[in-house]
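Report on one structure; see the data block that follows.
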Amino acid sequence: MDVPSKSSMKERIGFVVYVKSMKQVKALRRYASLYFVSRREKYAFLYTDLENHEDVLNQVRELPFVESVVRSERPFIAETYEPKSK
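As structure tokens, this is what we get:
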């Protein structure tokens with residue numbers, strides 16, 4: 007089995023979609039990959055490609071059953087740290 011290298015994998019970004027009703031959560035699958043759904047708190051966590059995430063976020067925000075959308079900031083935060091100097 008051939009394992010893809012890190013350079014060949016696409017960058018992904020996650021976002022949380024708060025919905026008014028859980029009935030329409032299945033409809034979110036046509037915009038991005040559905041990863042997790044919380045029925046009690048009425049939100050869904052989705053993943054999409056980083057290069058076209060703004061278009062997907064705008065499309066999802068315009069849906070009538072969506073209350074709000076929160077984008078993950080993880081891809082934009084530096085994960086390398088400088089050593090503490092004395």
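The opening residue of the sequence shown carries number 7 in the numbering used here; numbering runs sequentially from there. Where is the CB? At the ideal position from N, CA and C, for every residue including glycine. Just so we're clear, the structure is a prediction, and the values are computed from it rather than from any experiment.
To which residues of the same chain is Val62 closer than 8 angstroms at the C-beta, ignoring the five residues directly before and after it? Tyr37, Ala38 and Thr54
Which one or two residues does DSSP pair with Val23 in a beta bridge? Ala50 and Val75
Taking only three categories from DSSP, how would you classify Pro45? With the sequence shown as reference, residue 45 is identified as Arg, and Pro is not the correct amino acid for it. DSSP places Arg45 in coil when its eight states are reduced to three.
Kindly identify the DSSP beta-bridge partner or partners of Asp55. Arg18
What is the DSSP secondary structure of Leu69, counted as helix, strand or coil? coil
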